[in-house]
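No gaps in the numbering here: position 153 of the sequence shown is 267 in our numbering, and each next residue is one more. Cβ atoms here follow ideal geometry from the backbone N, Cα and C, with glycine treated the same way.
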Amino acid sequence: MSVLRPLDKQPGLNTATILLVGTEDALLQQLADSMLKEDCASELRVHLARSLPLPSSVDRPRIDLIVFVVNLHSKYSLRNVEESLHHVDATFFLGKAAFLATGAGRESHCSVHRNTIVKLAHTYRSPLFFCDLEPQAPQGLDLTSSHLLTRRGPHRCVCRGSSGESSGPGGCVARP
């Protein structure tokens, strides 16, 4: 297990790989499903991880974008992302990383203050998206995945992968 670097592997032809890092397995899976529904000419692969570092593997593809998912209702989620950041090379934060804060709609239930995640994203000079990832609101999942793919994606447009991975969450607001 080592530091994750953006250019440590050769890129795949017409392929983009996104890594979603967070503690909420069900939400990560929904977000992945939603991303894979996006229509485009390229192949999209979405991998899920609870934390970093990733185990060393010769078969692991090059990661084109890392999305750190923080649940504002869980201090453990924030701590997990903060610890995972230590295993990412600084060059990933030159346009290949983003933060997604979930649970922003119910501020009274938040354990993590919004300013905490804003400062974290600002420190790493990475975009921050606030959203509510509710399974009852699939249009919100689609909107979030669309924002991640078009504004932060490794290519301007990416599409459904053949590997069976998936994604999906809720209404989002982008922060520069």
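CB residue i to CB residue j, shorter than 8 Å?
i, j, result
"Leu166", "Leu242", "no"
"Leu214", "Val181", "yes"
"Pro175", "Lys123", "yes"
"Ser259", "Leu145", "yes"
"Ser171", "Thr137", "no"
"Pro120", "Thr205", "yes"
My assumption, with CB atoms under 8 Å, is that residue i sits in contact with residue j. Please give the rounded CB distance.
i, j, result
"Cys224", "Leu262", "Not really, about 22 Å apart at Cβ, beyond 8 Å."
"Thr129", "Ile177", "With a Cβ gap of about 12 Å, Thr129 and Ile177 do not count as contacting."
"Ser191", "Val135", "In fact, because the Cβ distance is near 10 Å, the residues do not count as touching under 8 Å."
Using a Cβ cut-off of 8 Å (strictly closer), state whether residue i contacts chain C.
i, result
"Phe244", "The structure shown contains no chain C, having only a single protein chain."
Say yes only if the C-beta of residue i is nearer than 7 Å to one or more non-hydrogen atoms of the ligand MN, and no if none qualify.
i, result
"Asp246", "This structure does not include the ligand MN; it has no bound ligands of any sort."
Leaving aside the five residues before and after residue i along the sequence, list all residues of the same chain whose C-beta is less than 8 Å from its C-beta, in chain order.
i, result
"Glu196", "Leu234"
"Arg228", "Leu186, Ala215, Ala218, Glu221, Phe244"
"Val71", "As shown, the chain starts at 115 and ends at 290. That puts residue 71 outside it, with no answer to give."
Can you find the residues in the same chain that come closer than 7 Å, C-beta to C-beta, to residue i, ignoring five residues on each side of it along the sequence?
i, result
"Arg239", "Phe207"
If distances are taken between C-alpha atoms only, which option among the options comes closest to residue i?
i, options, result
"Ala218", "Asp246, Asp203, Thr230", "Asp246"
"Asn194", "Val226, Ser148, Lys151", "Val226"
"Leu141", "Ala163, Pro120, Ser156", "Ala163"
"Thr230", "Ser156, Val184, His200", "Val184"
"Gly304", "Leu158, Glu221, Leu133", "Since the displayed the chain opens at 115 and closes at 290, residue 304 lies outside it and no answer follows."
So what's residue i in DSSP terms, helix, strand or just coil?
i, result
"Val172", "coil"
"Ala152", "This sequence places Glu at residue 152; Ala is not what is there. The answer is coil: DSSP assigns Glu152 none of H, G, I, E or B."
"Glu221", "helix"
"Arg159", "strand"
"Thr131", "strand"
"Ile180", "strand"
"Leu166", "coil"
"Pro290", "Interpretation of Pro290 is limited by its pLDDT of 37, a score under 50 that renders its predicted location unreliable; no figure is taken from the coordinates."
"Leu242", "strand"
"Leu186", "coil"
"Thr137", "coil"
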